[in-house]
Amino acid sequence: MDGVNDRRPSGMEFPGRDPVHQTLTVLRRRMAELEQHLNAAKGELAAVKRENG
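Per UniProt numbering, the sequence shown starts with residue 1, numbered consecutively.
Following this line, the structure appears as structure tokens:
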């Protein structure tokens, strides 16, 4: 090593700057939102099924 490139950040040292980490965080948040919508829709569907017998 020449001492110049041996301290390159790996992404683990600065997780806030890691684009993969940021993307995963956004996708996990979006997935949680979609799961909430899905569960609400399932509840509405169950209510309609109960009403219609």
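Glycine residues also receive a C-beta, built at the ideal position from the N, C-alpha and C atoms. These numbers come from a predicted model, not from an experiment.
Inter-residue Cα distance where the pair is Pro19 and Val26: 11 Å
Gly43 in three-state terms, based on DSSP: Three-state result, Gly43: helix.
Which value, in whole angstroms, describes the spacing of the CA atoms of Arg28 and His21? 11 Å
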